[in-house]
Amino acid sequence: MLWDIMEREAMIVDKENRNFYRMMLDAEAEVQIGDESLTGICKDLSATGLALELNHELDMGQVIGVTIKGGTVQSLSMQVKVLRVERLNENRLVYGCEVVSMN
1 MLWDIMEREA MIVDKENRNF YRMMLDAEAE VQIGDESLTG ICKDLSATGL
51 ALELNHELDM GQVIGVTIKG GTVQSLSMQV KVLRVERLNE NRLVYGCEVV
101 SMN
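Per the UniProt record's numbering, the very first residue in the sequence shown carries number 1; after that it's consecutive.
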């Protein structure tokens, strides 16, 4: 259901000159890094990427698994590639990630 909503928004250019709208979520996200599993927050989501808040350092270009917990909608699982990082404070970072594949 969540992905259907995003697909309907595809190819619409918003005020930031993007090809896809971002949906603000603040949803729980399970992050898989090899054998390690972490919990983070998916801050926003579009058809091509997401913003992920974590208290764990990731490398630029690193590919990780992310499952966004749906609550009232079905969970969404994907592989994403880390493109940029913004440090919020000593312990929290927000990563800009590109969707590589959907599971």
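Glycine residues also receive a C-beta, built at the ideal position from the N, C-alpha and C atoms. Keep in mind that this is a model prediction, so the values were computed, not measured.
Start-to-end residues for the beta strand (DSSP E) that takes in residue i
i, result
"Asp59", "Element bounds for Asp59: n/a, residue is neither H nor E."
"Thr27", "It is Ala, not Thr, that sits at residue 27 in the sequence shown. Per DSSP, Ala27 belongs to the beta strand (DSSP E) from 23 to 33."
"Thr48", "Element bounds for Thr48: n/a, residue is neither H nor E."
Short Cβ contact (9 Å threshold) for residue i with residue j
i, j, result
"Gly96", "Met78", "no"
"Cys42", "Glu57", "no"
For residue i, the residue or residues it bridges with in DSSP
i, result
"Gln79", "Gly65, Ser101"
"Gly96", "Ala51, Arg84"
C-alpha distance - residue i paired with residue j, whole-angstrom precision
i, j, result
"Leu52", "Leu45", "9 Å"
"Arg92", "Gln62", "18 Å"
"Ile33", "Asn103", "15 Å"
"Thr39", "Val31", "6 Å"
Among the options, nearest to residue i - alpha-carbon criterion
i, options, result
"Asn89", "Lys69, Glu98, Leu54, Ser101", "Leu54"
"Gly49", "Asn103, Arg22, Glu86, Thr39", "Arg22"
"Asp26", "Leu83, Ile33, Val94", "Val94"
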